[in-house]
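Read through the structure below, which is laid out as structure tokens, and then see the notes.
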Amino acid sequence: MMLAFGQIRLAPQNFWRMSPCEMQAAIDGFYGCALMEAAPVLSRPEFGILYDQYPDH
Numbered sequence: 051m052m053l054a055f056g057q058i059r060l061a062p063q064n065f066w067r068m069s070p071c072e073m074q075a076a077i078d079g080f081y082g083c084a085l086m087e088a089a090p091v092l093s094r095p096e097f098g099i100l101y102d103q104y105p106d107h
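Take the sequence shown: its position 34, counted from the start at 1, is 84 in the numbering used here, and no numbers get skipped.
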């Protein structure tokens, strides 16, 4: 919120109507780049190792 109101200077009604993706696009546009890079995609073997270590059942 501090970034949206203080830096980007969004109106409150616009901020509350934005989706998280829209907010990220506004931040990227304001700063001219992505602040957070996407995590690398896991390969199937890497996923299998994590799945075995942290089963979801």
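Even glycine gets a Cβ: it sits at the ideal position worked out from N, Cα and C.
In summary, L60 is buried, with 16 or more beta-carbon neighbours lying within 10 Å of its beta-carbon over all protein chains present. Excluding five sequence positions before and after F65, the CB atoms of its chain that fall closer than 6 Å to its own CB belong to A54, given in chain order.
Here the alpha carbon of C71 sits roughly 15 Å from the alpha carbon of M51.
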